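Working notes, beginning with the structure itself.
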Amino acid sequence: MDGQSGSLEASESSDQEFTQGRTVISDTAVAKVVGVAARGVPGVHALGSGASRSIGAIRDVVGATDLTQGIRVEVGESQVAVDIILMAEYGYPLQTLANTVRAAVYEAVEGLVGRNVIEVNIEITDVFIPTPDGDKPQRPRLTERLGAGKPATASNDQEEQP
């Protein structure tokens, strides 16, 4: 190495200062970046198919979150391929929504992961339609379906004495 090439390398960006060694970025790490990018697009109601969304609802109740739900990635040395399954919100043009999600994923993966995205395949499996009052449709609680009327509590378990 002569003095000229040494000074040339030193003047390049900091990304190239420490190029010795290997960096491995896991599928899970990339899938989380994709999940955050996709969820951030207005019109994306949820990620995943019906079954995975049901499991996700249980996770939400216990305070856990799966940022990779509905996301599948294949990570190579320099490229990434992405598959996304999502539920759209009613009122958003589906093709436009898919294109916006695709653009957000390209930007996030190329910017944060540093890999080229070769494809982003999007499957829209459902459309969320809110109830007229704007709330999510609710299913009756288990106790209501069983005829109990309200959940049992310590005060409900004791009968009033005359």
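Positions 2 to 163 (our numbering) are the ones given, in order, by the sequence shown.
No residue lacks a Cβ here, since even glycine has one placed at the ideal position from N, Cα and C.
Bear in mind that the values here come from a model prediction, so they are computed numbers and not experimental data.
Asked, Found
"Specify, as a first and last residue, the run of the alpha helix (DSSP H) that A23 falls within.", "The identity of residue 23 in the sequence shown is Arg, whereas the question assumes Ala. Unbroken run through R23: none, as it is neither H nor E."
"Tell me which same chain residues have a C-beta within less than 6 Å of the C-beta of S50, skipping the five on either side of it?", "I86 and T126"
"In this structure, how does DSSP classify R73 when only helix, strand and coil are distinguished?", "strand"
"Output needed for G112: all residues of its chain with C-beta closer than 6 Å, excluding positions within five of it in sequence on either side, in chain order.", "none"
"Keeping to the same chain, check which residues put their C-beta closer than 8 Å to that of L98; ignore five residues upstream and five downstream.", "V42, G44, V45, A89 and I125"
"Tell whether a beta-carbon distance below 9 Å holds between Q80 and V118.", "yes"
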